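Remarks on the structure that follows.
4 protein chains.
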Amino acid sequence: MIEHPDVQSESDGRKVTINRVGVKNIRYPIVVEDRKNKTQHTVAKIDLYVELDSKERGTHMSRFLEVLNRYHQENLVANLEVFLLEIKKELKAQAAYARFEFPYFIEKTAPVSRIKSLLSYECIFEAAYSDEYKLMIGVTVPVTTLCPCSKEISEKGAHNQRSYVTVEVLFKEFVWLEELIELVEGSASCEIYSLLKRADEKYVTEKAYNNPHFVEDVVRELTLKLRADSRITSFKVESLNQESIHDHDAYAEVNFNG
Amino acid sequence: MIEHPDVQSESDGRKVTINRVGVKNIRYPIVVEDRKNKTQHTVAKIDLYVELDSKERGTHMSRFLEVLNRYHQENLVANLEVFLLEIKKELKAQAAYARFEFPYFIEKTAPVSRIKSLLSYECIFEAAYSDEYKLMIGVTVPVTTLCPCSKEISEKGAHNQRSYVTVEVLFKEFVWLEELIELVEGSASCEIYSLLKRADEKYVTEKAYNNPHFVEDVVRELTLKLRADSRITSFKVESLNQESIHDHDAYAEVNFNG
Amino acid sequence: MIEHPDVQSESDGRKVTINRVGVKNIRYPIVVEDRKNKTQHTVAKIDLYVELDSKERGTHMSRFLEVLNRYHQENLVANLEVFLLEIKKELKAQAAYARFEFPYFIEKTAPVSRIKSLLSYECIFEAAYSDEYKLMIGVTVPVTTLCPCSKEISEKGAHNQRSYVTVEVLFKEFVWLEELIELVEGSASCEIYSLLKRADEKYVTEKAYNNPHFVEDVVRELTLKLRADSRITSFKVESLNQESIHDHDAYAEVNFNG
Amino acid sequence: MIEHPDVQSESDGRKVTINRVGVKNIRYPIVVEDRKNKTQHTVAKIDLYVELDSKERGTHMSRFLEVLNRYHQENLVANLEVFLLEIKKELKAQAAYARFEFPYFIEKTAPVSRIKSLLSYECIFEAAYSDEYKLMIGVTVPVTTLCPCSKEISEKGAHNQRSYVTVEVLFKEFVWLEELIELVEGSASCEIYSLLKRADEKYVTEKAYNNPHFVEDVVRELTLKLRADSRITSFKVESLNQESIHDHDAYAEVNFNG
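Chains as they are written, first to last, in the working numbering: chain A, 1 to 258; chain B, 259 to 516; chain C, 517 to 774; chain D, 775 to 1032.
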């Protein structure tokens, strides 16, 4: 058998540990846990890294893909810890990291007509395994926000807009994406649906008008709810409002380390 | 002097004319005409192409950049025809094409406080020179739209959102970007500003509420105005509404070839 | 039952037919036909439009979603014609349009090690139904291209890069996405894989070096192959080379209407 | 004069400090310092935030724009500290933050033909002012990298690609963007130019072939150089290689806190 020199395995004299090295922007079909339907098929953008010891010249990029090929059709949410441990071992690394971004779909029921439709939520799982395993889960939720100031000062109407609220949490006890989504949808002027009939449109318009929220109100309400959840140890909350009266966005962010 | 073989100039036996070949996604600082201030500095994304005769193997990519380097600090709007003619000659081509995308800034005055601020509009110039010179100019204008149905069926309030309206025109007599922008801003529920004080916010909220527009209304009003302008020979109008009650957009498009 | 006024159904006096109006940028999970595995789960970005008669004020946006909800779990490729016909009927329109963009995954076998891995291809289906049904299918294929000029003039090595080749076709007899992908992968310097071991890396490096292609060569080879396929009636071929020696791209395009 | 209620100034009982609240994604023309030409016009994407005290309900978004309007035509690099201090004062905040992203252009000279052309570099300035003023500057530099393993194992050729190397630094003594760019361009297989004639193309092809760099080599060489610069107190170095033989990227990152 022909021997191809293994340049990556050469020793390196520069004495620089590389914090993270690996493969980025892999698009891959995955299966994730679904609270209602057990599992769900989706497509992820995946980054996989290890820490590289100062003595080694290069990592072995193909091994990340070999491990991914073994796991992607499994339920990756449930198996992320063993997946990452396997990367750590195969790459002989002190630490391994994985980041998954994927749309997750939930069937929602319109408030009046009760018609069902799917809404998509962009999710993030960020896992790290050095001495111990850590998992951050996050989700971006589209909602409606209606401006309290605009309502107060105007005779009729109030400007409102689509906002994207992102919650990222570390927990000591499992939290469902669905739970985070519900917290966000209850902290805005109104939640969003893919399919609304006229009676629903009347409902969401009036609900938002009666429930005005500054970008600051959204992140504060969420902060109070997340702080009160004993499973969650630290979190970050962001809201980005696509202001309908400007061409820039309003933004607020709260970080909490419990 | 050393001779490097000119592989691109080899003859090609496959008998396939290439409609467009060249360089894409060049980022370059340019100077453009400004109705009020004479000229304006901005940064463009530029694509430059020629038609390639079936007998030639390759075009000479570096010549596009050589011509661009001679022109970018000139007023490119005023000189686009000679710029394109020079590309056509330098590349010995039957046809040459250029596309410029760039933000263009206009100082706007808030409706009540009269405070001034800059707003950015994404513009497109698309020029072609085969037998004769043709220029398409286009601009995307952010505006507010407020839903007539939501207003009609709801007791209070109405959902509204940021919309992006794009107008692209061919003309027989020069039309300013500023004129197209004014037409669009007069065909929505309300125009948008970067800087609004509270009295302005009251004004734009109430104006939008009193002036509801479906996505269909926006493109129809614009169509009537553009058709009535004898300088404009053909056009395309699009509106994309970032619905505040959905996570998808509403869209309408009218094409007119006079 | 409460009656909500149907503002969209009002008659319109402006006499402007809207070419396309509907919903854009819907993210939805879909099932598509797979030549090898029968079906494949993926996630699409979907646009749905109808033509709007000059006499009607607005279209009924919610109906697009109602039809989509009935079809997305079916095999949408096989059912696109009936799906579009249903939209046309439900919206009472003269013409209906649909555009789907989605990643499609194919298992590839590394050239030497025979290791298998998935590669993702961005696909487009664009369907129109006015008098008759028309379908355009397209796919973007990542490949390696190696510059013939750089190879010829340099003592050793040659610059090469990732290129994205897009083929869009209209046909009179069904063509698989897999067939288009194979045509593209055979018209570049070398095809691309997600997972390559060292023996594979040697193979693809040498294959690309022995098989240099200008951006012009890629689109011409593809043009000859597509013209020779009697099922295909018209097509567009594009190649975008992410030049490793520049920060802009090289680009070529051929359009063919048979 | 009519009084409009100031809802933002209401007191808030939720006792949640908001870490950052403000305006995001403003596009604005700015003037920046240029080592060779004194100043340079460019266009930035700007985010401006303050910390919001737990007792206040909302920030005053319009004031960010008012301060920006006073400064954008000044040399913002030189004046960022006073700019941020003014935001802090106008908004009566404990801390203020600004982030600018903008393309910066440098004239480069081709290595053999000596022809000049402009190359664009994406830059970031991130400034914070709480107790004291802190500035992070960063730049992303496109370069060529050629794979050492591919070269070693292959008879001829080696895969190479465009890479984007990002350096972000904190310093105690001023460092020019141009200095960071030079460090990066000397730490890759070869630097990149917009305009290369054939003799230049031979030069860069051969230089890259004789100078292979893994993604790990790029970040390590840069780490050694940045550590050796006594002006720089901490930094982050990233390289993203758009692998020509894969459709995903290779990535490495080093963080250093001196």
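A virtual CB, placed ideally from N, CA and C, is assigned to each residue, including glycine. If you're wondering where the values come from, they're calculated on a predicted model, not measured in any experiment.
When the distance is taken between beta carbons, is residue j closer than 8 Å to residue i?
{"i": "E668 (chain C)", "j": "V265 (chain B)", "result": "yes"}
{"i": "N1015 (chain D)", "j": "S887 (chain D)", "result": "no"}
{"i": "R315 (chain B)", "j": "S269 (chain B)", "result": "yes"}
{"i": "E173 (chain A)", "j": "C407 (chain B)", "result": "no"}
{"i": "R70 (chain A)", "j": "Y49 (chain A)", "result": "no"}
{"i": "N468 (chain B)", "j": "N160 (chain A)", "result": "no"}
{"i": "N443 (chain B)", "j": "E436 (chain B)", "result": "According to the sequence provided, residue 443 (chain B) is Glu. The question's Asn does not apply to it. Going by C-beta atoms, E443 (chain B) is not nearer than 8 Å to E436 (chain B)."}
{"i": "L686 (chain C)", "j": "A674 (chain C)", "result": "no"}
{"i": "K465 (chain B)", "j": "I373 (chain B)", "result": "no"}
{"i": "T660 (chain C)", "j": "V720 (chain C)", "result": "yes"}
{"i": "V841 (chain D)", "j": "I861 (chain D)", "result": "yes"}
{"i": "S891 (chain D)", "j": "L323 (chain B)", "result": "yes"}
{"i": "A385 (chain B)", "j": "L342 (chain B)", "result": "yes"}
{"i": "R736 (chain C)", "j": "R285 (chain B)", "result": "no"}
{"i": "L865 (chain D)", "j": "H834 (chain D)", "result": "yes"}
{"i": "M1004 (chain D)", "j": "P986 (chain D)", "result": "Note on residue identity: the sequence assigns Ser, not Met, to residue 1004 (chain D). No, the Cβ-Cβ distance between S1004 (chain D) and P986 (chain D) is not below 8 Å."}
Step through the CB atoms of chain B and report whether any lies within less than 8 Å of the CB of residue i.
{"i": "M496 (chain C)", "result": "Residue 496 (chain C) cannot be examined here, being either before or after the span of chain C that is shown, 517 to 774."}
{"i": "I546 (chain C)", "result": "no"}
{"i": "T39 (chain A)", "result": "no"}
{"i": "V559 (chain C)", "result": "no"}
{"i": "V734 (chain C)", "result": "no"}
{"i": "R736 (chain D)", "result": "Here chain D comprises residues numbered 775 to 1032, so residue 736 (chain D) is not present and cannot be evaluated."}
{"i": "R551 (chain C)", "result": "no"}
{"i": "G13 (chain A)", "result": "no"}
Give a yes or no on whether the minimum CB-CB distance between residue i and chain A is below 8 Å.
{"i": "S412 (chain B)", "result": "yes"}
{"i": "E793 (chain D)", "result": "For clarity, residue 793 (chain D) is Asn in the given sequence; the question names Glu instead. Yes, N793 (chain D) lies at the interface with chain A (some Cβ there is under 8 Å from its Cβ)."}
{"i": "S378 (chain B)", "result": "yes"}
{"i": "N1029 (chain D)", "result": "yes"}
{"i": "A508 (chain B)", "result": "no"}
{"i": "T656 (chain C)", "result": "no"}
{"i": "D505 (chain B)", "result": "yes"}
{"i": "S371 (chain B)", "result": "no"}
{"i": "S408 (chain B)", "result": "yes"}
Taking 8 Å as the CB-CB cut-off, is residue i touching chain D?
{"i": "T660 (chain C)", "result": "yes"}
{"i": "R747 (chain C)", "result": "no"}
{"i": "R485 (chain B)", "result": "no"}
{"i": "G22 (chain A)", "result": "yes"}
{"i": "A724 (chain C)", "result": "yes"}
{"i": "G702 (chain C)", "result": "no"}
{"i": "S375 (chain B)", "result": "yes"}
{"i": "L183 (chain A)", "result": "no"}
Please decide whether residue i counts as near chain C, where near means a Cβ-Cβ distance under 8 Å.
{"i": "F358 (chain B)", "result": "no"}
{"i": "H4 (chain A)", "result": "yes"}
{"i": "S234 (chain A)", "result": "no"}
{"i": "E1017 (chain D)", "result": "yes"}
{"i": "Q266 (chain B)", "result": "yes"}
Does the beta carbon of residue i fall short of 7 Å from some heavy atom of the ligand MN?
{"i": "L662 (chain C)", "result": "As far as ligands go, the structure on display features none, and thus does not contain the ligand MN."}
Spell out a yes or no on whether the segment 748 to 755 of chain C and the segment 766 to 774 of chain C are touching, meaning 3 or more CB-CB pairs, one atom from each, closer than 8 Å.
Between the segment 748 to 755 of chain C and the segment 766 to 774 of chain C there are three or more C-beta pairs closer than 8 Å, enough to call the two in contact.
Closer than 7 Å, Cβ to Cβ, to anything on chain A: give me those residues from the segment 704 to 717 of chain C, in chain order.
For the segment 704 to 717 of chain C, the beta-carbon criterion of a distance under 7 Å to any beta-carbon of chain A is satisfied by S710, L711, L712, K713, R714, A715.
Go through the segment 333 to 357 of chain B residue by residue and report every complete run of the alpha helix (DSSP H) that reaches 4 residues or more, in order.
Counting only runs of 4 or more, we get 334 to 348.
Taking a cut of 7 Å between CB atoms, which residues from the segment 81 to 108 of chain A lie near chain C?
Those would be P103, F105, in chain order.
Do the segment 592 to 601 of chain C and the segment 542 to 561 of chain C make contact, defined as three or more Cβ pairs closer than 8 Å?
Segment contact: the segment 592 to 601 of chain C against the segment 542 to 561 of chain C, three or more CB-CB distances shorter than 8 Å; contact assigned.
Selection of the segment 307 to 333 of chain B by Cβ proximity to chain D, strictly under 7 Å
Within the segment 307 to 333 of chain B, the residues whose Cβ lies closer than 7 Å to some Cβ of chain D are S320, L323, E324, N327, listed in chain order.
Entirely within the segment 911 to 964 of chain D and at least 4 residues each: give me those alpha helix (DSSP H) ranges in chain order.
Within the segment 911 to 964 of chain D, the complete alpha helix (DSSP H) segments at least 4 residues long are 922 to 927, 951 to 959, listed from N- to C-terminus.
To test your reading of the DSSP string, which unbroken beta strand (DSSP E) runs of 3 or more residues are found completely within the segment 274 to 334 of chain B?
Those beta strand (DSSP E) runs which fall completely within the segment 274 to 334 of chain B and span 3+ residues are 276 to 292, 296 to 310.
Residues of the segment 123 to 135 of chain A whose Cβ lies closer than 9 Å to any Cβ of chain B, in chain order
Taking 9 Å as the upper bound on Cβ-Cβ separation, chain B lies near no residue of the segment 123 to 135 of chain A.
Are the segment 902 to 909 of chain D and the segment 873 to 885 of chain D touching by the rule of at least three beta carbon pairs closer than 8 Å?
In short, these stretches do not touch, since the Cβ pair count stays below three.
Can you give me, in chain order, the residues of the segment 417 to 434 of chain B that have a beta carbon less than 9 Å from any beta carbon in chain D?
For chain D, none of the residues of the segment 417 to 434 of chain B brings a beta carbon within less than 9 Å of one of its beta carbons.
Length-filtered (3 minimum) beta strand (DSSP E) runs lying within the segment 871 to 906 of chain D:
Runs of the beta strand (DSSP E) inside the segment 871 to 906 of chain D: 890 to 903.
Minimum length 4: unbroken alpha helix (DSSP H) runs contained in the segment 440 to 489 of chain B:
As far as the segment 440 to 489 of chain B is concerned, its whole alpha helix (DSSP H) runs of at least 4 residues are 456 to 467, 473 to 485.
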